[in-house]
Amino acid sequence: MILKQLVVACAIALGLLIANTHEVEASEFKSKDLYTLEDPTWFRNEGFTKGIGHDKQDFGVLLRPGGTIEVRQTNANFKELVTIELLNDDDKTEKAVKVGSDWVSIKADVASVPFAVTTYTTIKPTLEYNVTNATELPTFKAGENDSSFFRTWDGNQSDFALISNNYIQILVPIKDKKYLMNMEKFANMDELFEYYDTVFETYNELAGISFTPSRPTDKNVGNKYFAKANKSGPAAAYYGGSNAATSGASISEYWLNPHWGNLHEIAHGYQGSFMNDITFSTAEVWNNIYANAFEQKVAGNNYAERWLYKYQPSPTNVENTFQTKVYEDKIPLSSWDVVMKLYALTMMTDKAGLEAFSHFNQEYRQLANEPNFVNTNLLLDMLSKYYAEASDFNMAPFIDLVQGSSSPRQEIQSLYGTAKNVYPAAGLLSGSNLERVKNALSLESKWSLVDNSQLEKYHFSSDATITFDIDDFSQLQGQVLRLKDGGNTLQEIIITQPTMVLKNIPVGIYSIDIPYGLDKIYKIDKYYIPITDETNVINLKMSELKSTEIGTQKMTFKGLGDIIFATATVNPESGTFSLDVTRESPHSYFDSSYAIVEIFDASGRIKFRRDMNGSTTQIGHFDAEIEIGDLIRVTHQEISRFSVSGSTTSLVSNQRIQNYEVTKYGLENTSTNNSALSDYKDRLVKFADAIIEDNRVNQQENAIPKAYLEMAINYLDEPDKKMYKDKYGELFVVKSKNTILYNSALALLESLFNDSSKDTLKTTTTQAEIDVVQGFVNQIVDVAKKAELQKDLDEAQKQLTAKKEVEEKTRQAAAEAALKALFYGNDVNGTIKDTTNQVAIENVQGLIDVVTDPALKVALQAQVDKAQAQINTRNPINGTVAKYTVGDLNITGTYSGPATALSVDINGKRYYGGTIADGRFKYYVGDKNLKPSDVVTLNFYDANKQIQKSIIVTVFEALKITIADYKIGDNYLTATYNDPEITKIGIVVDGTKYWGGDVKDGNAKFFAADKIKSANADVTMNFYDASNNLIASKKVTIATASAEISTANYTVGATNITGTFAGDIRKLAVSINGTKYYGGSLTTNGTYKFYALDKKIKATDTVIVYGYDANNGLLSEKTVTIVE
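Residue numbers (mature numbering (1 follows the signal peptide of the UniProt record, and there is no 0)): -26 to -1, 1 to 1098.
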């Protein structure tokens, strides 16, 4: 660092010696051959800008105020115009002029640097030019000598300098020169540009572009970004068509540091037209995927250093927000803020891998460059498709969880693909299981996505209760439910009852393969179910399908720039019409009606009308019912921007008004005279052909598209119905209810026995399982098959009954023997042994409870009750209730004696319940809202269900302690409390305990001025009873001192820096070009002054005033405004 400062100092000194030697004279005209770049049309076609409009070439000069550049283009073969820009640090004073073969003179109103914007042409332009009132522009290119650069700049004090590498040019204002010479994060400019090399090369890799690509659409071009300052810029910074800039006079923070700002703005150029998805906005999100990926590369697991977590202020907060949005508030992904959208997309990208992200970019770019490409794809659809291709992971379960927008087509492709399902780890695991897996897999977050194969080795399993919520259970009974992961079937379950309990299912995320009915067609409400390590209660809602997408036609309304502003779906089969208006301003050039949708019934009565104004219209979802014979009228001021899907012929004439008759099979335009039936059959054939061509679908017995096709065929009239059934019949599995019931009964029956011989019943077979099989057998129509099954089932029942009889005799003998053992001489009518205790009696009670012979069970119970009565006499029941406070969930305490049950009386009403064992009891009253005024009694019961002891429960007010915020300089820390048992207090400051203070009548105070000296101190206030038992402990909030240096002014040559301040400022300091001085004086009326005459402050110096509190804590700072 000393050597570096010495070099800089020498450079400054040398610069002073050669000052004023860099003037540029207007003595002669010069010629400049401009380089050109290949026009990346493949980028433009996908909306990928990558700073294409930024690349520009300097003339090596800076124009002073009033200076001019006279310029023309002289290459006769170059037929286009060249844009000349005069750039500085304020776009309000900048200029951009197009130049051809005629001379053009451009005058700089303020100090500006002239540039020629690079053209993307094969022919290179040549410029002839002359400048006046100009000076040499200091320039530095990565790898050059920075000492020479600074000598030039020191010598001519140019208002700007230009530094660059192969990826970016940065226009540096003179106010940032000193910072550039001594940057905080970089030792020199080469290190700065090594950083930018890494940024751009990382981004290019993520975008899937290269200078040596394997296919043309992935070719990179060598244009440079252009970064600058802009005093009149919007927000904090921006990325624009001709430059990227920080909004202000300085670039040091944003462009001379490894800053999220430059990562964010540069990545704006790596966006694409896939972001036009109206269902899911990723504005200010997509670019952050790049920025976050770069920070992951640099910061790794140091989450606190990454923007995604930095302002939360911790990863835990992001995790909590995700849980709230997904599991509690159930907010769709499209409504999340930019941070949480980034979190969700990062979860997907982290699981799929950055190679999958690159693959997505490459595939979309290739798609966007196909002839007649129109981007109507949903972004999440494309991410699902391309991530699965590259990583073999299915993102659909996660997209479904966060309620992301997905098309039916992509849902089907994901459902029947081979990619493995993924799901958030914390959506499957809890507690120690989650921590174990998170640590073992080095997951970034507890919500990071995992797949089933990652969980297999832990052998987590759980039970699940599944309810088939369907209006006709016979449509499912006997058929097979499959749990799948990609192409693998993990479990097959015969559907026997509307509610079933599945045992020991491995924890994971599963897709469902379920039959869609027998003589009706049903659609399920979910395709994926998570099996967690906790309780799993799953409701599968199945609704009868009323129509299919084959019968649906879509209207698309486009406006300015061909941006879609509304869509409408029409389905005569279901009798529905819906209009979605998604943009408030369809076309700003039209102040009145731009598009209208009207629906009339057969008699001409209007049923629906929506008028969409061009400049402002209401967005929303609007529904209407339609019937065959209705007329739908569409008016569009630019009819070329309106279309209707679902016909091989045009459904739009060249008139502003289109009239569509609703028929059974779709829309018929009264002008184009299309046939709705022909259109419907064309759509049906295309749909069927797509099934046949897609092995993922056609090989699935219960594929949803097959159900749609079958329904669409059934919707046709004869002879079309028979023709298409014959044509596509091989796609469908013919289902016979009798066959299904027989096959299921046989399979279930065999499962009762050890093997197919059906000789020996399994030891685990239960009566409930036999009853299920009997229910199936009862429905078999074939008499012979039914008799065959019944014979084997009777054998199973016979063996189970025999087994139960043996088990019952064993239970009876055990209960009788244990009961006799309680008494002397085994005489159940005598006296219990001295060794008999409550545990022994409870053990006997357990044996009696499992006896099934009713008469014997009553006799045994009477005898054990006698033993219990003798125990009660010997050992009375007593209890102690712990202090109960309003808001406690349970009444708790201890007891002695043979208590077996509890009840609670609340204001005269009795409630039974609670738990009592091993000398402790607990009774839940969280739902009773107990108040101090309530009369509460706790009752203890013996084994004979008789109350043996009752205890009054006092309900205390909830403890309330309020500690006033403490501010540095206060004498006392004060608090209020409502517990009369509090008699003492103490405080803990940064681990050191202090006793004392005053406690009286609900108020407490503790002298702390000599103990709390820092706003960052960790302070706790403790409250004790008279026996020094801790009752409560609360953190103390140390209020941030409120202070601001409002103004700071200095006139060159004046005695003092002066200004105003507010708040708790007690001390001052001033830094001049990085050197700090302490002193100054403050007045009680909010003004201050700082002696500076001896500092010889110049207008170009950087001067800052600092305000401190009494303990030297920095409260505020202000850059001094210097005038001459």
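C-beta: ideal position from N, C-alpha, C; glycine also.
Beta-carbon proximity list for residue i, same chain, < 6 Å, skipping 5 on both sides
{"i": "residue 115", "result": "138"}
{"i": "residue 496", "result": "490, 516 and 518"}
{"i": "residue 157", "result": "230"}
{"i": "residue 884", "result": "877"}
{"i": "residue 474", "result": "440"}
Reference residue i, options the options, closest by Cα
{"i": "residue 399", "options": "418, 393, 672 and 388", "result": "418"}
{"i": "residue 712", "options": "908, 492, 394 and 597", "result": "492"}
{"i": "residue 468", "options": "725, 902, 955 and 12", "result": "725"}
{"i": "residue 1102", "options": "1005, 934, 842 and 873", "result": "The first residue shown for the chain is -26 and the last is 1098, placing residue 1102 beyond what the model contains."}
{"i": "residue 171", "options": "117, 211 and 190", "result": "117"}
{"i": "residue 991", "options": "983, 632 and 998", "result": "983"}
{"i": "residue 663", "options": "704, 807, 647 and 649", "result": "704"}
{"i": "residue 987", "options": "1086, 226 and 440", "result": "1086"}
{"i": "residue 1103", "options": "451, 109, 505 and 494", "result": "Here the chain comprises residues numbered -26 to 1098, so residue 1103 is not present and cannot be evaluated."}
{"i": "residue 975", "options": "957, 981, 965 and 966", "result": "957"}
{"i": "residue 681", "options": "520, 545, 352 and 915", "result": "520"}
{"i": "residue 1071", "options": "1088, 1084 and 1027", "result": "1027"}
{"i": "residue 319", "options": "361, 348 and 304", "result": "361"}
{"i": "residue 476", "options": "461, 509, 451 and 448", "result": "509"}
{"i": "residue 248", "options": "756, 342 and 914", "result": "342"}
{"i": "residue 1092", "options": "936, 1034 and 1060", "result": "1034"}
Simplified DSSP assignment, three categories, for residue i
{"i": "residue 496", "result": "strand"}
{"i": "residue 616", "result": "strand"}
{"i": "residue 609", "result": "strand"}
{"i": "residue 866", "result": "strand"}
{"i": "residue 184", "result": "strand"}
{"i": "residue 1094", "result": "coil"}
{"i": "residue 725", "result": "coil"}
{"i": "residue 561", "result": "coil"}
{"i": "residue 913", "result": "strand"}
{"i": "residue 93", "result": "coil"}
{"i": "residue 234", "result": "helix"}
Test item: CB-CB of residue i and residue j under 7 Å
{"i": "residue 389", "j": "residue 373", "result": "no"}
{"i": "residue 236", "j": "residue 65", "result": "no"}
{"i": "residue 507", "j": "residue 427", "result": "no"}
{"i": "residue 9", "j": "residue 45", "result": "no"}
{"i": "residue 408", "j": "residue 420", "result": "yes"}
{"i": "residue 616", "j": "residue 706", "result": "no"}
{"i": "residue 324", "j": "residue 395", "result": "no"}
{"i": "residue 945", "j": "residue 909", "result": "no"}
{"i": "residue 907", "j": "residue 1018", "result": "no"}
{"i": "residue 511", "j": "residue 434", "result": "no"}
{"i": "residue 1081", "j": "residue 1039", "result": "yes"}
{"i": "residue 715", "j": "residue 766", "result": "no"}
{"i": "residue 1052", "j": "residue 1066", "result": "no"}
Local Cβ density within 10 Å of residue i, reported as buried at 16 or more and exposed below that
{"i": "residue 850", "result": "exposed"}
{"i": "residue 595", "result": "exposed"}
{"i": "residue 1101", "result": "In the structure displayed, the chain extends from -26 to 1098; residue 1101 sits before or after that span and is not available."}
{"i": "residue 472", "result": "exposed"}
{"i": "residue 693", "result": "exposed"}
{"i": "residue 658", "result": "buried"}
7 Å CB neighbourhood of residue i in its chain, flanking five on each side removed
{"i": "residue 598", "result": "551, 573, 581 and 582"}
{"i": "residue 90", "result": "8, 30, 31, 56, 58 and 101"}
{"i": "residue 734", "result": "727 and 728"}
{"i": "residue 564", "result": "588, 589 and 611"}
{"i": "residue 741", "result": "774"}
Spatial neighbours of residue i in its chain, beta-carbon cut-off 8 Å, leaving aside the 5 residues before and after
{"i": "residue 42", "result": "79, 80, 81, 82, 105, 106 and 107"}
{"i": "residue -21", "result": "Residue confidence is low: residue -21 scores 33 on pLDDT, short of 50, so the model does not pin down where it sits. Its coordinate-derived value is still stated next. Once the five neighbours on either side are set aside, residue -21 has no close Cβ partner at all."}
{"i": "residue 819", "result": "838 and 917"}
Any C-beta of chain D under 7 Å from that of residue i
{"i": "residue 1068", "result": "No chain D is present in this structure, which holds just one protein chain."}
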